[in-house]
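*Asks:* Take a look at this one; I'll ask things after.
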Amino acid sequence: MRTHRPAAALALAAAGLLALTGCSKMLTSEPKPDAMPVSSPSAALGSAPTTAAPTSPAPASAPVSSKPAVPASTPPAAPNPAPAPARAAVPNGVGQVLQTAQDDAQAAGFFLLGSTDALGQHRMQVLDRNWKVCSQAPSAGTQAATDTKIVFNTVKLEEACP
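Numbering follows my numbering, in which position 42 of the sequence shown is assigned residue number 314; successive positions increment by one, without gaps.
Right, dumping it as structure tokens:
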């Protein structure tokens, strides 16, 4: 037969609630940053906690100068004009595998490159080694700025150029 002890359970619940209430005050009270308690044997005996001095020194204020950083007599510098882009001869990529034509163009200093499907089927040249160059713009041998875009018109390796 089971006996219920409601009075003992109620007393245990009240004691637990009281203990938690006391703990919550300890958890929510935060020490001030400039007064950190120091552990010492006297603190364990019940005496008032002592505070330690801040560990980092206060930053020294920089002296304020009444002089301007740049003398007023110096005129503002004129912006330098952008240098002219280098010029180079456009390499011949016609008849080459697209990857080789791109490598040659980059070796000559041209890094802005494009490619199109010469048959007009709007296929993308995903694997450059599977395409060959039929024509290009600008044409080979032309002196052009190295920031000029070179476009290679291509077909698959097994296809004939138009």
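A virtual CB, placed ideally from N, CA and C, is assigned to each residue, including glycine. Since this is a predicted model, take the numbers as computed values, not measurements.
Alpha carbon to alpha carbon, how far is Gly386 from Thr420? Give it in angstroms, no decimals.
*Replies:* Counted from its first residue, the sequence shown places residue 420 at position 148. Counted from its first residue, the sequence shown places residue 386 at position 114. Cα-Cα distance, rounded: 11 angstroms.
*Asks:* Would you kindly check if the distance between the Cβ of Gly367 and the Cβ of Phe424 is under 9 angstroms?
*Replies:* Numbered from its first residue, the sequence shown carries residue 424 at position 152. Numbered from its first residue, the sequence shown carries residue 367 at position 95. In this structure, Gly367 does not lie closer than 9 angstroms to Phe424 by Cβ.
*Asks:* Identify which residue in Ala354, Ala286, Thr426, Glu430 has its Cα closest to the Cα of Gln393.
*Replies:* As a first step, residue 393 must be located in the sequence shown, where it is residue number 121. Gln393 has its Cα closest to that of Thr426, out of Ala354, Ala286, Thr426, Glu430.
*Asks:* Report all residues from its chain with a CB closer than 6 angstroms to the CB of Arg395; omit the five preceding and five following residues, and keep chain order.
*Replies:* Numbered from 1 along the sequence shown, position 123 holds the residue referred to as residue 395. Result list for Arg395: Asp389, in chain order.
*Asks:* Please classify Leu370 as buried or exposed, where buried requires at least 16 other C-beta atoms within 10 Å of its C-beta.
*Replies:* Residue mapping note: residue 370 aligns to position 98 of the sequence shown, counting from 1. Per the 10 Å Cβ criterion, buried.
*Asks:* Beta-carbon within less than 8 angstroms of Pro357's beta-carbon, same chain only, minus the 5 sequence neighbours each way: which residues are those?
*Replies:* The residue given as residue 357 occupies position 85 in the sequence shown. So the list reads Ala417, Thr418, Asp419, once near-sequence residues are dropped.
*Asks:* Among Gln415, Ala285, Ile422, which one has its Cα closest to the Cα of Ala373?
*Replies:* Position 101 of the sequence shown, counting from 1, holds the residue named residue 373. Nearest C-alpha to Ala373: Ile422.
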